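Every position in the sequence shown, counted from 1, becomes a number in the numbering used here once 46 is added.
Each residue gets a CB set at the ideal place from its N, CA and C atoms; glycine is no exception.
In this text the structure is predicted, and so the values were computed from the model without any measurement.
What follows is a single structure, written as structure tokens, with notes after it.
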Amino acid sequence: MNHETQADEKKLYHLFRKVGMDENGALTAVQEIRTMAGQNILAKIDEQSAKMQNRFTKIDSEIRSTNRIMGFFGVVIGLFLAALNIAIYVMNK
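Quick look at the structure:
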């Protein structure tokens, strides 16, 4: 926990004490706020993670489709070169 966060929690604690909360109530309230803030941050991280996963999935599918197309053209070119090789061999005989 950084220094600024500790200072903010102390300010909240003293504010809760000023409005009449006892020590345990003020500490509990500060802990609850810390927990809610942490859950909010975790929810945002999960949301961003899901967005990144979707992006990676889209990129992966694009790469796979590109690989299929390149593989198809590779086979076509390979067959053409094999046919050309056979034609040259037959012509030279």
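Between which two residues does the alpha helix (DSSP H) containing V122 stretch? Run containing V122: 69–138, per the alpha helix (DSSP H) assignment.
Are L61 and I79 close, meaning C-beta to C-beta below 9 Å? With a cutoff of 9 Å on beta-carbon distance, L61 and I79 are scored as not near each other.
Cβ atoms of E55 and R31: under 9 Å apart, would you say? The chain is shown from 47 up to 139; residue 31 falls before or after that span and cannot be answered.
Which word fits A96, buried or exposed, when buried means at least 16 other C-beta atoms lie within 10 angstroms of its C-beta? Exposed.
Buried or exposed: A72, going by 16 or more other Cβ atoms within 10 Å of its Cβ? That one is buried.
A53: CB within 8 Å of a non-hydrogen atom of the ligand SAM: Among the components of this structure there are no ligands whatsoever, and the ligand SAM is therefore not found.
Kindly list the residues whose CB is nearer than 8 Å to the CB of M67, restricted to its own chain and excluding five residues on each side of it in sequence; keep chain order. Around M67: A75.
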